[in-house]
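Encoded as structure tokens, the structure appears first; notes follow it.
Numbering (our numbering), first residue to last: 2 to 790.
Written out as structure tokens, the structure reads:
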């Protein structure tokens, strides 16, 4: 009898597939991202252990090795593959997702039949259709070759450039000077903006404002066309002359009314969500991603967040009535009938055509938890609700009617020296709020000097008006603002805007800019930690050393600071996908040769040119590592994370304002108090054993049971005592999660451990694996491995 296995990318994906098609296509085995990684250069060639400017290209592909923290999961999958005759690959349909599955099959030396399920949404209907139409794996050979080429080229080029720049441009012991095809163009985007600010010269112009009175009310009109002047009015004397002439104006007003409509904005991708949270809450991009991940993996309130698409598959329109009803009830509004925009243009939010090329759809509320969404909402914390509300309101808006309004334009002409001056004013009146019931429309940015939001009186055409006062108002041009955490993420996604018209610009736009949604925030944080960027009043500013590095690379290796380099790489990978018969290692050879040219340019610079980089580093305030109780300095990240954890275990709500201002000594004292208090589910300071179980205990039991695939007796829970709940929690904690140990599954590392891993990666000049963000085992293995080097 034929035995089949379904290989997918992550546990949440396995759960969605299981819910859609059951196990009738075989046992469903999830990976957790990349279970295999390339061996390090020094593992392939021992002499590469010492850093130099040598090209780290072995002339053949680097072999893969199991990631140490995933060895158990990899063994389990390989064991299942031994007894299988066929495999269905159901990972994300893209270079990385396809590579994850195919490298596992290569590692297991699988020789059976392999087919692929192709989908870019994980609702039941889409998954059922994908599994009913399985395709031969050979059709996707180009994806595999492109994925391998990207992985090999990134390791060779990024590590070669980082080592060469570090040993040649900085003094020994200064730390790694990380360069890369995403990180370095990102630095360049911020440095170019800084140069624009440095070079900026403000210009002064004058706007003439006239206050007009009518029987219906007053309004302010602005001179839009001055006699004999093209463009802005640059001389105050000319503005004063026109103002004097119009002060005595009286006459007929022209009024024009035009109906208008505006559709709702598109659903969020990760970049748009990070920009929205930065704008509203001043959150760094990393915080937004972490909270979005918790809403997805812990509460199941939203769909997969690490996405770069702002469109939904057409099949998801069928979910709108139920999902909109659940969302609107939480937001406190009447849902009404959903308005569905299904089609092929940008105004259509449900579009299969526009989904082409995207592995995942936009971020929206999760239809799979719609029946219990209100209960999940009640379990969400304050920051989780803030972010979820942004997503919920956007979904309610995009399934609502257009915003309808009437635009009123008022104008008149007045005699002035040299001719006639034209004055205008405009304003909108809403006739149907439509989607603006859920979200505010974009604010007006009037060019006529009116304050945004100023309304106009109900003036009719030919009504009389007269001027009650006029005068010039000074306007000064301002330099462009520095990037914030939100706007730099958007700039990375829209990096194609920095290129001239042509194929590279188009390709970078298709590729979604530079970087991946899940790691763009990490790129920014790495630049900050390495001293190339600093934060100043919520904005990102290059350090002096960062600016000097950018200028040096622009002279010696301009391709490294050009987003066009990423576009060129993407175009090469596209050719592999379109023509999979090519030798993909030849592309790796060409890209390695380009890296060698860049190294030669760097070596032409004087040695130790960037000696000031260490002084330019961004150093967090607070006690030094190894002295967590520091005293007068601010509390460390480890202390704060541990404090929050203890408070949660003891049923206390942390006072975030108090924590933010807490010293290290005060944090130590608070930790000691909480440790002495005992947990709320037992211990020295609990609620006792004879009372009724608390709501938090019951919710925790439900969560533990769900993670372990076990049913919950709700009637038994309601009658459970506090002591009984404590015993049940201990019993469930002792049971392993599917695919992991006692603390297995998708548990994230502590903030302190994650920060330590990132420091290690920085010191060794390598990229921290993405899995370290969400998997504590991967983080631990990384620390164990690299602490010894």
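Quick reminder that beta carbons are idealized off the backbone N, C-alpha and C, glycines included.
| Query | Result |
| --- | --- |
| Grab me the residues of residue 486's own chain with a C-beta within less than 6 Å of its C-beta, minus the 5 sequence neighbours each way, in chain order. | 279, 285, 286 |
| Thinking C-alpha only, which one of 194, 159, 99 is nearest residue 34? | 99 |
| Give me the Cα-Cα distance between residue 32 and residue 107, rounded to the nearest whole angstrom. | 15 Å |
| Looking at C-beta atoms only, is the number of pairs between the segment 524-541 and the segment 320-336 that lie closer than 8 Å three or more? | no |
| Since residue 270 and residue 320 are thought to touch, with beta carbons under 8 Å apart, how far apart are those beta carbons, to the nearest angstrom? | Not confirmed; about 19 Å, so no contact. |
| Is there contact between the segment 220-237 and the segment 527-538, where contact requires at least three CB pairs shorter than 8 Å? | no |
| Whole angstroms is fine: what's the gap from residue 404's alpha carbon to residue 167's? | 55 Å |
| Starting from the N-terminal side, write out each stretch of the beta strand (DSSP E) that is 3 residues or longer and does not extend beyond the segment 385-453. | 404-417, 420-433 |
| My understanding is that residue 275 touches residue 490, with C-beta atoms under 8 Å, so please give their C-beta distance in whole angstroms. | 5 Å |
| Between the C-alpha atoms of residue 24 and residue 17, what's the straight-line distance to the nearest angstrom? | 12 Å |
| Whole angstroms is fine: what's the gap from residue 336's alpha carbon to residue 398's? | 10 Å |
| Less than 8 Å between the beta carbons of residue 471 and residue 236, yes or no? | no |
| Is it right to say residue 608 is buried, meaning 16 or more other beta carbons lie within 10 angstroms of its own, or is it exposed? | exposed |
| Suppose only complete runs of 4+ residues qualify. What are the alpha helix (DSSP H) ranges in the segment 5-86, listed by chain order? | 12-22, 42-45, 72-83 |
| Report the option in 89, 240, 165, 460 whose CA atom is closest to the CA atom of residue 4. | 89 |
| May I ask you to report which of helix, strand or coil DSSP gives residue 255? | strand |
| Which stretch, first to last residue, makes up the beta strand (DSSP E) that contains residue 468? | 465-477 |
| Going straight from the alpha carbon of residue 672 to that of residue 637, what length do you get? | 12 Å |
| Rounded to the nearest angstrom, what separates residue 747 and residue 776 at their Cα positions? | Confidence at residue 747 is low in this model, with a pLDDT of 46, below 50, so its placement is unreliable and the value that follows should be read with caution. If you take the alpha carbons of residue 747 and residue 776, they lie about 6 Å apart. |
| If you drop the 5 nearest sequence neighbours on each side, which residues of the same chain put their C-beta closer than 6 Å to that of residue 744? | For residue 744, the predicted structure reports a pLDDT of 39, less than 50, and the residue's modelled location is therefore unreliable. The matter cannot be settled from this model. |
| Can you give me the C-alpha to C-alpha distance between residue 419 and residue 468, rounded to a whole angstrom? | 20 Å |
| Output the boundary residues of the beta strand (DSSP E) element that contains residue 116. | 114-117 |
| Pull the bridge partners of residue 313 from the DSSP assignment, please. | 351 |
| Consult DSSP for residue 629 and reduce its assignment to one of helix, strand or coil. | Note that residue 629 has pLDDT 33, beneath the 50 cutoff, so the model's placement of it is unreliable and no number is given. |
| Classify residue 653 as helix, strand or coil using the three-state DSSP reduction. | coil |
| State the start and end residues of the unbroken alpha helix (DSSP H) segment that holds residue 524. | 521-530 |
| Look at the Cβ atom of residue 65, then the Cβ atom of residue 10, and state whether they are nearer than 8 Å. | no |
| Would you check if the distance between the CB atom of residue 313 and the CB atom of residue 345 is smaller than 8 Å? | no |
| What does a CB cutoff of less than 6 Å around residue 515 pick up in its chain, not counting 5 residues either side in sequence? | 183, 186, 493, 496, 564, 567 |
| Is it a yes or a no for the segment 381-394 touching the segment 138-150, going by three-plus beta-carbon pairs under 8 Å? | no |
| On a Cα-Cα basis, can you pick out the residue from 427, 289, 355 that is closest to residue 392? | 289 |
| Look up residue 722 in the DSSP assignment and give the residues it is bridged to. | 693 |
| To which residues does DSSP link residue 207 through a beta bridge? | 234, 475 |
| I need the boundaries of the alpha helix (DSSP H) containing residue 574, first residue and last residue. | 564-579 |
| Quick one, which of 42, 60, 49, 37 has its alpha-carbon nearest residue 76's? | 37 |
| Mapping the DSSP letters down to three states, classify residue 506 as helix, strand or coil. | helix |
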